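Read through the structure below, which is laid out as structure tokens, and then see the notes.
Residue numbers (this note's numbering): 10 to 491.
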């Protein structure tokens, strides 16, 4: 098994210590730095991680004491007709007498209430399971972000290598166009002196016109490749570094295909994130089943209540006025526990359990599918990398052969042993060989990074290793036009 110590913090510090790239990157490492700072997909992954982390914070907060303070003040006034019993004493007999008189009644009332309330979960299995689920998802989010960082490396390298392939393809297309122009001129001169048929001129002209059109198409492809790279980095890049002519592909020193597969199953961050998501779905099932269990909460409060006011009654016949104050005040604590026992919820709880179980099953099947795909992709990436060494060597040999065949056909045309058609065919073969060789070189480097990504061992050191191989200057004339 291939093992590499994964240190996200060390990776971040390593990036911080790298030279700051300017607006125009010169190599793969500087381009990656720009992408790290400006890629929207990575920024989305970082924000998504923060969103998930807050879910765990909120689930924990639901289990902590909830303390609230409240206060109210009210004032009310009322006016209207009223009746009041009046007691009078006979001055002669001294006997009291009672009568009701009508008049106007006015009253005012004020109230003030304030207090604090404390609530605390004592037992709520659903809340406990929800916290475990959110904490597990929070750990999964760390691996998801790590996977997004790995993806950024391979997306950046793919876009970078696409530019280099397009640069070499355009260079070959321009060379082909120049050679076919000379071939057309040569055929035209031979026609003038009667040494070549008109068909040779037409054939050479057709191939030359086709090459001109192909150069335009290839140049547009190069411009699009530059734009695709700028889409990731957020800024235009040029002056790229390319592979030298003496590039020799080599396999990673560690292990064979099965070793890489074993490492991928253990270390791949996307797979680790999915495993944690499955674990979180198990907790979600526990949360749903907790709907059948009782809950126990503690509640306590301390408050003060006060009311005060005045009530007035007045009558003009007979003249009479009375007024008296009103009010009371109370304060003190109260506390207790609340036990809630679910009895019947119309089948809602059992439905939620079935739903959670089905969602867990979906997560488990997705995990199995992802694991199988990872095994296949890792094994294929290793085999492709092994085959890539032979392909690069074969493409290089094919390029040398195509160059020799083209040069020999040119000599043969001059001495009359080959035709213009032979030269044109060999010229097209040379162009195809140049393009296929460029693809083979950079596909090998990309597959090397993809293998590290699948195994979960990809980091900035791999970018540095590949970057050290890029020692040649790409053709500056082929950089995007500002």
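Ideal Cβ placement from N, Cα and C applies to all residues, glycine included. Predicted model only: the values in this text are computed from it and were never measured.
Since I believe residue j is in contact with residue i (beta carbons under 8 Å), could you give me their beta-carbon distance rounded to a whole number of angstroms?
i	j	result
residue 140	residue 175	Not confirmed; about 52 Å, so no contact.
residue 273	residue 387	4 Å
residue 220	residue 443	With a Cβ gap of about 13 Å, residue 220 and residue 443 do not count as contacting.
residue 127	residue 346	Residue 127 to residue 346, Cβ: 12 Å. No contact.
residue 62	residue 147	5 Å
residue 51	residue 161	5 Å
residue 54	residue 157	4 Å
residue 81	residue 122	5 Å
residue 397	residue 245	Contact doesn't hold; Cβ gap of about 30 Å is too wide.
residue 376	residue 287	5 Å
residue 172	residue 239	The pair is not a contact, with the Cβ atoms about 10 Å apart (cut-off 8 Å).
Taking its Cβ as the centre, do 16 or more other Cβ atoms sit within 10 Å of residue i, making it buried, or is it exposed?
i	result
residue 267	exposed
residue 479	buried
residue 313	exposed
residue 45	buried
residue 168	buried
residue 36	buried
residue 102	exposed
residue 352	exposed
residue 477	exposed
residue 207	exposed
residue 457	buried
residue 28	Only weak support is given to the placement of residue 28: the predicted model assigns it a pLDDT of 42, under 50, and the value that follows is read from those uncertain coordinates. Looking at its Cβ environment, which holds fewer than 16 other Cβ atoms inside 10 Å, residue 28 is exposed.
residue 283	buried
residue 143	buried
residue 482	exposed
residue 3	Here the chain has residues from 10 to 491 only, and residue 3 is not among them.
residue 222	exposed
residue 40	buried
residue 440	buried
residue 471	buried
residue 170	buried
residue 88	exposed
residue 30	Because the pLDDT of residue 30 is 41, which lies under 50, any placement of that residue in the model is unreliable, and the question is left without a value.
residue 201	exposed
Figure out for me which residue from the options has the closest Cα to the Cα of residue i.
i	options	result
residue 43	224, 71, 166, 395	166
residue 418	315, 436, 86	436
residue 363	433, 295, 373, 335	295
residue 84	401, 315, 160, 377	315
residue 292	224, 236, 369, 337	369
residue 76	309, 358, 430	309
residue 409	242, 254, 80	254
residue 434	411, 347, 453, 169	411
residue 38	462, 474, 191, 80	474
residue 270	380, 153, 121, 452	380
residue 225	104, 245, 183, 258	183
residue 56	154, 186, 235, 341	154
residue 265	451, 49, 416, 394	394
residue 416	48, 188, 441	188
residue 260	125, 279, 392	392
residue 115	451, 321, 471	321
residue 256	297, 451, 124, 348	451
residue 290	373, 343, 125	373
residue 124	371, 344, 438	344
residue 280	198, 378, 191, 243	378
residue 263	49, 461, 47	461
Take residue i and list the residues in its own chain whose beta-carbon comes closer than 6 Å to its own, dropping the five residues that flank it on each side.
i	result
residue 302	134
residue 129	74, 307
residue 196	205, 209, 210, 213, 429
residue 336	316, 317
residue 404	445, 446, 449
residue 193	213, 214, 217
residue 454	475
residue 407	442
residue 16	A caution first: residue 16 carries a pLDDT of 42, below 50, which makes its placement in the model unreliable, though a value can still be read off. Cβ within range, chain order: n/a, list empty.
residue 297	361, 362, 365
Have a look at the DSSP bridge pairing and note the partners of residue i.
i	result
residue 115	88, 321
residue 313	123, 340
residue 306	130, 347
residue 481	251
residue 334	319
residue 78	125
residue 83	120
Ordered along the chain, which non-local residues of its own chain (more than five positions away) have a Cβ less than 8 Å from that of residue i?
i	result
residue 178	227, 230, 231, 443, 444, 447
residue 367	none
residue 300	135, 351, 354, 357, 358, 361, 362
residue 463	269, 273, 277, 383, 386, 387, 390
residue 285	145, 146, 148, 149, 152
Under 7 Å Cβ to Cβ from residue i, same chain only, skipping five residues before and after it: list those, please.
i	result
residue 349	303, 304
residue 459	163, 390
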